[in-house]
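What follows is a set of notes on a single structure, which appears directly below.
4 protein chains.
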Amino acid sequence: MMYLPWLATASAALFFPVHALYPLNELAKTPQMGWNNWNSFGCDVDEELLISATEKISQYGLRDAGYQYIVLDDCWSNGRSSNGTLQANTTRFPNGMAEVADRIHKEGFKFGMYSSAGTSTCARYAGSLNYEHQDAQTFAGWGVDYLKYDNCYNEGQSGSPLITYERYKKMSDALNSTGRPILYSMCNWGEDYPWKWAQTVANSWRISGDIYDSFNRPDARCPCSGNEEYNCALAGFHCSAMNILNKVSHYTDKGVPHAWNDLDALEVGNGGMTDDEYKTHFTMWAAVKSALLMGNDLDRLSARDLSILNNPAIIALNQDPRGTSAVRVWRHDVDDVDRYGQGEIQMWSGQLSGGDYFVALLNAGNGSREMNAMADDIFYDAGAEGTSEESTMEWTIHDLWANRMPEDVAQALIDGNSTQAASLNVTSYYFNATETSYEDGLASNNTLLLGRPVGTLRAKGMITAEVPRHGIMAYRLRLAGRGLRKRDEL
Amino acid sequence: MMYLPWLATASAALFFPVHALYPLNELAKTPQMGWNNWNSFGCDVDEELLISATEKISQYGLRDAGYQYIVLDDCWSNGRSSNGTLQANTTRFPNGMAEVADRIHKEGFKFGMYSSAGTSTCARYAGSLNYEHQDAQTFAGWGVDYLKYDNCYNEGQSGSPLITYERYKKMSDALNSTGRPILYSMCNWGEDYPWKWAQTVANSWRISGDIYDSFNRPDARCPCSGNEEYNCALAGFHCSAMNILNKVSHYTDKGVPHAWNDLDALEVGNGGMTDDEYKTHFTMWAAVKSALLMGNDLDRLSARDLSILNNPAIIALNQDPRGTSAVRVWRHDVDDVDRYGQGEIQMWSGQLSGGDYFVALLNAGNGSREMNAMADDIFYDAGAEGTSEESTMEWTIHDLWANRMPEDVAQALIDGNSTQAASLNVTSYYFNATETSYEDGLASNNTLLLGRPVGTLRAKGMITAEVPRHGIMAYRLRLAGRGLRKRDEL
Amino acid sequence: MMYLPWLATASAALFFPVHALYPLNELAKTPQMGWNNWNSFGCDVDEELLISATEKISQYGLRDAGYQYIVLDDCWSNGRSSNGTLQANTTRFPNGMAEVADRIHKEGFKFGMYSSAGTSTCARYAGSLNYEHQDAQTFAGWGVDYLKYDNCYNEGQSGSPLITYERYKKMSDALNSTGRPILYSMCNWGEDYPWKWAQTVANSWRISGDIYDSFNRPDARCPCSGNEEYNCALAGFHCSAMNILNKVSHYTDKGVPHAWNDLDALEVGNGGMTDDEYKTHFTMWAAVKSALLMGNDLDRLSARDLSILNNPAIIALNQDPRGTSAVRVWRHDVDDVDRYGQGEIQMWSGQLSGGDYFVALLNAGNGSREMNAMADDIFYDAGAEGTSEESTMEWTIHDLWANRMPEDVAQALIDGNSTQAASLNVTSYYFNATETSYEDGLASNNTLLLGRPVGTLRAKGMITAEVPRHGIMAYRLRLAGRGLRKRDEL
Amino acid sequence: MMYLPWLATASAALFFPVHALYPLNELAKTPQMGWNNWNSFGCDVDEELLISATEKISQYGLRDAGYQYIVLDDCWSNGRSSNGTLQANTTRFPNGMAEVADRIHKEGFKFGMYSSAGTSTCARYAGSLNYEHQDAQTFAGWGVDYLKYDNCYNEGQSGSPLITYERYKKMSDALNSTGRPILYSMCNWGEDYPWKWAQTVANSWRISGDIYDSFNRPDARCPCSGNEEYNCALAGFHCSAMNILNKVSHYTDKGVPHAWNDLDALEVGNGGMTDDEYKTHFTMWAAVKSALLMGNDLDRLSARDLSILNNPAIIALNQDPRGTSAVRVWRHDVDDVDRYGQGEIQMWSGQLSGGDYFVALLNAGNGSREMNAMADDIFYDAGAEGTSEESTMEWTIHDLWANRMPEDVAQALIDGNSTQAASLNVTSYYFNATETSYEDGLASNNTLLLGRPVGTLRAKGMITAEVPRHGIMAYRLRLAGRGLRKRDEL
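Residue numbers (full-length UniProt numbering), protein chains in the order written: chain Y, 1 to 490; chain S, 1 to 490; chain R, 1 to 490; chain V, 1 to 490.
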């Protein structure tokens with residue numbers, strides 16, 4: 001049989017808490033959220049970039065939306081000292097990393113750093129292979145809360161699950177032995193099927209080569225698609241959002257609380273996609289329970305993009321306490337392809353806490369189209385071929401993007417115009433997870449998290465929607481007539 | 001050259017008993033039959049569920065039809081005691097597992113349990129990796145007769161035949177060393193080609209990810225089809241009956257007495273397929289010599305479904321003493337596809353004991369159609385390209401579903417209405433393997449096992465039949481004019 | 001760069017003898033020829049079968065045509081004695097194996113036997129894994145000259161070149177250490193790319209699952225075709241002649257003197273193919289330098305089939321001292337497919353000793369057709385894209401099947417009618433390699449080996465021929481005007 | 001994240017020098033250039049061939065164009081002496097290898113030799129497996145500057161990155177320990193993904209089986225194309241130029257200074273391709289930063305071919321100090337296929353030092369056609385989906401083939417007619433890298449290196465060109481209005 005999430009798809013009566021034997025640590029009970037500098041800044045890093053990021057993220061309300069980890073990526077290093085200790089670049093980090101950590105902590109964030117399970121990092125700074133324990137101690141000593149651990153220059157130590165498992169487990173053990181809780185984010189690009197074995201070793205694992213800021217353009221350097229999606233000999237980079245989403249579709253069940261698929265940092269705000277494309281990208285990253293790391297330049301964030309990143313109804317999918325990924329129920333090629341030859345449509349659904357369901361109609365065709373989701377398909381995992389009890393019930397449909405923050409409100413946040421922000425009642429538009437967890441918010445039926453009711457799905461019925469080109473319609477279904485009560489309590 | 005079954009396809013004159021060097025033990029001379037709770041109950045297990053199952057299975061005549069093993073799946077555990085001994089969940093199994101085994105044995109059944117060749121089971125209870133000998137002793141001490149041994153949380157110990165062989169062999173050796181005969185059912189989902197090496201290690205091996213209750217719907221989480229069927233990098237789950245059947249078509253010869261391909265537990269009775277689909281599913285599982293474990297909720301079994309599961313003429317295919325799987329002679333795509341885009345037709349045949357042959361016309365197209373099986377194709381394994389002597393003979397065709405138990409008879413069994421059952425002469429409709437083995441029944445030409453004669457296949461002729469959508473016509477061929485004599489004795 | 005045969009394709013001026021560092025032994029300078037009982041008799045073996053085979057093979061002139069090895073396949077064993085020595089089945093081999101070897105040797109043949117690099121043979125007799133040295137000594141003691149070494153029940157010891165190399169090298173070393181020259185014929189079905197590494201270990205290696213007596217019918221149990229041809233995860237069995245031929249097309253260069261690709265024993269004479277199909281099968285096995293083991297029942301050999309197996313002009317391709325395989329120059333799908341959906345045409349060419357060339361037009365379409373071979377393509381390996389000097393020369397075309405032995409002559413041989421044989425001058429129709437080696441026969445331009453001149457290929461010209469359904473036209477090209485002189489001596 | 005070149009694709013502002021931790025040595029800062037005898041002479045090697053080559057290469061101006069390494073391939077050996085030292089063939093190299101090295105050095109060249117990481121070389125001379133240190137000392141003692149290290153007869157030591165890494169690392173370490181700088185050129189045909197791990201071990205690695213002198217003809221012996229391109233189970237040989245180019249497209253980023261992809265030696269001058277095809281072949285080998293080894297017979301070099309090999313504007317792409325490969329931006333199949341069924345078009349672009357860009361329109365269709373390159377696509381790696389600043393700028397387009405050396409000038413060089421050469425002012429046509437490095441030449445805007453201005457690419461504009469059958473149009477883009485100033489200095 002398969003991993004727990006399969007079990008979780010059985011009817012509620014069958015579900016009961018299990019002995020969570022495998023977690024590495026208590027972190028990432030839901031997918032980690034935060035910001036990583038790589039997609040926007042690459043090697044151009046210094047202390048001020050990080051501190052500035054914490055300030056903007058706070059100001060924009062994103063910290064309170066849950067984006068908690070500030071992750072410094074490659075190029076921070078100055079090599080090792082004579083005793084082998086990693087040294088920060090003193091030009092870029094004149095006060096040292098411990099000081100950086102302190103400042104980040106004081107802003108209410110957690111601090112993430114980067115190394116590689118190789119002799120060098122990808123940008124050819126000192127890597128941690130064969131220095132795992134010494135480096136873990138260094139990171140812990142600096143107050144680091146998170147480690148992104150890359151895969152470059154691994155000296156041929158890949159090609160089978162066990163060799164990769166052992167290489168990554170060394171750092172896992174080293175981090176654990178520090179005594180400091182450090183979220184361990186594996187970045188071996190999905191090589192050697194980490195979803196088969198990383199649950200006992202790490203809090204998350206990348207599943208693909210690096211994302212780039214394109215919705216669906218194929219690139220020769222990210223060659224795996226089709227049958228190669230799940231058995232990729234060359235992870236590469238320049239993977240589009242749709243490429244990565246299709247990869248995860250085959251092993252959505254492998255992410256479980258404390259151990260998640262990581263589809264790479266978000267491109268929202270970097271300019272390469274349309275508003276609809278970014279909404280699709282963000283919705284699906286949230287729905288499949290990917291780690292959610294923003295990858296943008298916060299100084300250039302537009303109001304439109306902010307109102308994507310802070311949509312509480314979408315983030316609530318990601319932080320749902322049930323921890324069950326949405327699944328791709330169907331996928332069809334369509335004829336209206338774009339200039340890259342791409343065109344497809346998909347339907348996704350998933351189970352949420354409290355008996356709610358997620359549904360998405362994703363249109364990756366080249367024009368707007370009407371799409372349908374049938375009840376038998378939506379409740380597919382609760383019973384194949386229309387056998388689920390759920391498909392015979394009536395559900396209220398909530399549109400998860402209907403309450404998107406208005407542009408003037410988002411702009412006020414970005415402008416830091418507190419007068420205007422107050423007059424617009426900005427705080428009413430976003431969910432403050434620092435005060436109330438998503439779990440509690442959902443339990444108390446916070447309307448920010450539920451979306452706006454827009455209709456009813458009848459027994460054996462269908463949801464129909466016009467979906468824009470490269471866009472998505474995303475819904476939460478709640479049992480009709482049962483309002484704010486949790487189904488578990490019925 | 002290839003495994004013994006190839007040899008077995010040579011003409012009768014060439015066949016003689018061989019030294020059975022490899023068997024692990026004396027169990028599963030024919031494929032094991034029984035019931036497993038997972039497909040219907042998942043983790044919702046307790047003592048009463050198992051006892052209730054034994055009662056129903058007895059009452060419905062299924063125990064005497066051969067369903068002998070009651071297999072408890074995942075979630076029965078409460079972890080390990082301080083000395084490392086596995087503990088049953090005392091709420092669910094208040095009398096302990098030894099008592100459960102006793103009660104099951106007293107009902108005339110054998111008792112199967114579950115663990116995983118990993119640090120945890122799939123539902124994250126304690127796994128047996130590195131505890132093989134201790135756990136085998138525990139199971140033997142409880143009176144366990146069967147172990148399903150899963151593959152979750154294996155710490156990267158997969159990816160090549162040898163690493164998997166060694167992991168599973170540890171439990172094989174441990175079970176053997178207990179001195180108790182325990183049927184060893186490997187469940188590593190077909191990873192690392194168990195059909196290449198498991199014959200010396202286990203009594204059966206799963207060949208795919210978990211089945212689900214769908215005839216042929218593709219699911220992204222069971223991605224391997226086409227060329228990936230026999231070299232699957234991601235076993236997954238939610239594999240349809242047709243998906244699994246097509247997988248086994250490539251290595252039907254690898255199952256041999258005491259060591260069988262396992263296509264996963266049956267979905268018959270769970271509601272996701274039509275009557276024709278369930279008949280196809282059951283017929284083919286039997287014909288390819290899969291382990292036959294029912295996976296239904298016995299309290300909700302319909303008369304129609306019972307009359308599938310208890311068809312003696314089909315079970316006799318599975319329990320045939322010759323132990324030769326049917327083979328897929330041809331497969332063609334057809335144009336009338338269903339809404340999942342699936343549509344194909346297949347012809348299977350196989351050699352049975354006593355010189356009989358099995359033939360099936362399987363219609364997985366989207367509508368009823370006339371299908372043909374030519375003698376040259378039916379007797380294909382006895383001589384390629386029409387060279388077999390068999391293709392020049394005349395055969396009586398027996399329809400294996402023609403004597404299906406009438407619905408009122410099956411209903412009487414389910415209702416436990418003994419008066420009605422007696423008046424309907426229920427026992428005349430099913431074969432009592434507790435009294436007479438299938439081998440003896442076949443040897444004595446028990447008509448329940450042979451099906452109903454419906455025509456003749458002439459030399460170089462053809463069988464033609466109308467086959468319903470997603471349905472099957474299944475036949476036993478017996479040399480014409482030779483009635484009830486065994487061909488071996490001619 | 002690649003293996004020597006590549007070098008051999010350069011122009012004659014570049015070619016000179018190299019240091020043959022790798023050969024295992026002095027055997028199989030050209031591909032071994034002989035007879036193996038498996039295809040026709042399977043396990044039904046005994047001393048008389050072998051002795052009878054030697055008598056027929058002698059009588060039919062096939063021994064003198066080069067079929068030298070009498071190979072006993074599986075099922076000869078009675079297990080091991082108390083000290084671990086392999087024992088022959090005393091019922092079937094009442095005089096012991098040493099006596100069998102003696103009798104075979106006295107008939108002028110060499111004796112081959114069989115074991116498996118596993119704990120059991122495929123028919124489950126004792127295998128030689130972990131008994132390599134003891135068994136090699138036993139075989140040498142019996143006077144064995146040849147070992148076919150199979151792959152069943154290998155305990156998971158496959159899946160990477162090194163693990164398989166080491167398993168097979170053990171027997172290689174063991175055979176060498178006996179001091180007796182024993183031809184070592186690896187039979188691991190092409191698993192783990194033996195053509196990459198077996199040249200230093202063995203005299204030949206099987207490249208596929210078992211052949212069956214069909215020209216081109218696909219079978220689910222031999223699934224690898226297309227891209228899977230050269231990277232086959234499941235060797236299987238029931239591989240058609242065309243399936244195996246297409247497999248070898250990708251690594252024809254890997255067979256070199258003393259170390260050959262083995263396409264499995266011939267099916268000629270077993271009845272499953274037409275005369276044209278058998279001619280194609282035999283021609284191509286010879287041309288790609290496969291081991292040539294007959295696999296027929298000699299008591300049922302027809303005159304037509306005998307005149308295929310004894311065609312000296314075809315055998316001379318196989319035994320050519322240059323040892324360069326023909327290569328597939330092109331392959332095209334055609335529309336006139338047969339009922340198995342198969343249809344393709346191919347052109348092959350290859351370099352022979354003395355500057356001659358081989359050309360074949362192979363029609364695997366479903367009807368007769370005219371086919372062409374252009375000079376630029378024929379001399380492709382001597383210079384890509386028409387750059388070869390050879391393509392500008394004029395060549396005499398010799399048809400290699402034009403001098404096929406007449407049916408009445410072949411029948412006289414089969415009948416053993418010495419009077420008639422003498423009157424028909426039978427011996428003039430076949431080449432006696434016992435008296436004169438193929439190398440010497442070719443050097444002296446023995447006309448039996450050259451085929452019949454049928455035309456001229458002009459500079460930059462084309463050969464055109466009508467090729468029957470599933471048939472072949474096979475030619476030897478010799479530089480025009482240079483008659484019987486060797487081109488090397490020009 | 002991925003390797004450094006990814007970083008290098010970020011905007012200039014992000015780029016700064018990194019700690020080059022991995023280089024094996026200081027050699028091959030840009031791809032090595034030279035000549036190798038194999039493609040033209042195979043095993044027909046001797047001292048005079050090499051010395052003659054140095055003389056011709058000098059005379060033709062190719063040494064000063066950068067072709068510095070004279071590489072002797074296989075077949076030079078006479079085995080090992082009694083103490084295991086490799087011996088040169090004394091007939092072919094009567095003065096010994098040290099003398100050969102001396103003479104080559106005196107001509108201003110460096111000397112390369114050959115061995116194999118196997119027990120034999122491909123032509124079956126003594127290989128260096130298990131003799132790494134002894135042989136490295138021998139080579140260093142002879143004054144060798146370069147080692148091509150092949151893959152034949154490796155005794156099954158392949159099939160996973162680590163086993164191959166370790167085999168090749170042994171020679172890497174051995175060469176390093178000699179103290180002599182020896183460029184280490186791995187030739188394992190791309191097996192086991194050398195681009196993933198060889199950067200710390202070698203200066204270059206072959207990525208495919210051997211090239212042959214064909215632009216795009218498929219050969220069964222080089223089977224990997226399509227999805228198999230980047231995961232090739234059978235490297236083979238007879239790989240066409242387009243086959244190899246398509247292979248590298250997936251990992252162009254993996255070549256970095258001191259460690260390069262090697263697409264195999266050039267076929268320019270060997271006669272199998274048209275002038276357009278050779279221009280395409282040479283342009284792309286240069287643009288993707290392949291090692292550039294001529295593989296021709298210098299005595300038969302035509303003026304046309306010389307003017308390809310010595311084009312300074314193309315070589316400057318290869319020797320660009322930035323060291324960033326061009327990337328394939330798009331690839332489309334076209335309908336006008338040739339007789340091999342091949343037809344496709346491609347656009348490539350890449351970043352060069354000084355802010356310049358490379359663009360190529362490659363027409364592998366069967367007829368001349370107009371092709372377009374859009375600014376958004378050209379500057380793709382500087383910003384996906386048209387987000388790059390570069391796409392909004394104006395650029396001068398320089399045609400890199402417009403200044404190709406006139407045929408009479410090239411003929412004068414070949415003829416060694418110094419009077420004519422002087423009158424034609426030959427030296428003005430080629431770049432003398434012995435005097436001025438390409439880096440310095442580019443820094444000083446040497447017009448030989450820049451090509452001829454032929455137009456302007458406007459903001460968001462397009463380059464349009466008529467491209468001949470199997471031909472290429474190749475351009476350097478330079479920011480308009482900024483003439484000869486380096487963009488980095490703006």
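Quick reminder that beta carbons are idealized off the backbone N, C-alpha and C, glycines included.
Quickly, what does DSSP pair residue i with across the bridge? List them, please.
i: V/MET473; result: V/LEU361
Apart from the five residues on each side of it in sequence, which residues of its chain come closer than 8 angstroms, Cβ to Cβ, to residue i?
i: S/THR138; result: THR85 and LEU86
i: R/ASN203; result: LEU24, ASN25, LEU27, ALA28, GLN32, LEU183, TYR184, SER185, HIS258, ALA259 and TRP260
Name the chain V residues that come within less than 9 angstroms of residue i, Cβ to Cβ?
i: R/THR252; result: ALA220 and ARG221
What does residue i touch in chain S if you count any residue whose Cβ is under 8 angstroms from its own?
i: R/MET273; result: GLU385
Applying a beta-carbon distance threshold of less than 7 angstroms, which residues of chain R neighbour residue i?
i: V/GLY159; result: SER160, PRO161 and LEU162
i: S/SER249; result: ALA220
Alpha carbon to alpha carbon, how far is residue j from residue i? Give it in angstroms, no decimals.
i: V/LYS254; j: V/THR324; result: 10 angstroms
i: Y/GLY112; j: V/SER160; result: 33 angstroms
i: R/SER115; j: Y/SER249; result: 47 angstroms
i: S/ARG45; j: S/ARG124; result: Position check: residue 45 of chain S holds Val in this sequence, whereas Arg was assumed. Taking the straight line from one Cα to the other gives about 15 angstroms.
i: Y/GLY367; j: Y/ILE397; result: 25 angstroms
i: S/VAL426; j: S/TYR438; result: 19 angstroms
i: Y/ASN318; j: Y/SER290; result: 7 angstroms
So residue i contacts chain S; which residues on that side make the cut at Cβ distance below 9 angstroms?
i: residue 554 of chain Y; result: Beyond the ends of chain Y as shown, which are 1 and 490, falls residue 554 of chain Y; an answer cannot be given.
Please compile the residues from chain Y whose C-beta is within a distance smaller than 7 angstroms of the C-beta of residue i.
i: residue 520 of chain V; result: Since the first and last residues shown for chain V are 1 and 490, residue 520 of chain V lies out of range.
Confirm, please, whether the CB-CB distance from residue j to residue i is below 8 angstroms.
i: R/GLY295; j: R/SER40; result: yes
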